[in-house]
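No gaps in the numbering here: position 8 of the sequence shown is 701 in my numbering, and each next residue is one more.
For glycine and all other residues, C-beta sits at the position ideal for the given N, C-alpha and C.
Working notes, beginning with the structure itself.
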Amino acid sequence: GGFMSRVAGAPTPASPPPPSSLFSPSSHQQQQQRTAEQQRQQQDHLQQSPGRAGLRRYVCDHNSAPPAHQYITTDKTNILIRALTLKRSKEELAGRAAAAASG
């Protein structure tokens, strides 16, 4: 057996369906009462913690745009092309420095 066979009281897949007494009107009423009680408790909790229930949205009333020199722009060049171009330019600078040192 698997996990379900080790759990005490767990029905096996081949077991018959539960008796119809579980679906009697009295148990249905008890379930409704428990659900209503849980809803009341949740409402009481929300009323007791106004910080969570009464969150207000912040509305900025001033110009919040950054100065022109602080705008973030993105490079549209593919990152691989950008990396290869950077590598090539570094190699060219290194070659020029070597030629200047020997020349």
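Asked, Found
"So for E758, helix, strand or coil by DSSP?", "Per the sequence shown, the amino acid found at residue 758 is Ala instead of Glu. If DSSP states are grouped into helix, strand and coil, A758 belongs with coil."
"Pull up the distance between the alpha-carbon of K783 and that of I765, whole angstroms please.", "26 Å"
"Rounded to whole angstroms, what's the CA-CA distance from P759 to I772? Just pull it up for me.", "27 Å"
"At the level of alpha carbons, what is the spacing between T767 and A794?", "37 Å"
"To the nearest angstrom, how far is the alpha carbon of L786 from that of T778?", "12 Å"
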